[in-house]
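The following block contains the structure:
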């Protein structure tokens, strides 16, 4: 039970981190383009 909650939290954290990185790259590209 506890291990499953931990793995789900890890997956959510990894997805969130990837989305944040993608958004940051997108923002940097927009700033450079302007």
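Residue numbers (UniProt numbering): 1 to 34.
We put the beta carbon where it would ideally sit given N, CA and C, even for glycine.
The structure displayed is predicted, hence computed values, not measured ones.
- Counted as a single uninterrupted DSSP element, the stretch harbouring residue 34 is not any alpha helix (DSSP H), since DSSP gives it neither H nor E.
- Rounded to the nearest whole angstrom, the C-alpha separation of residue 3 and residue 32 is 43 Å.
- When rounded, the separation of the alpha-carbon atoms in residue 28 and residue 7 is 32 Å.
- Spanning the alpha carbons of residue 5 and residue 21 requires a straight line of approximately 24 Å.
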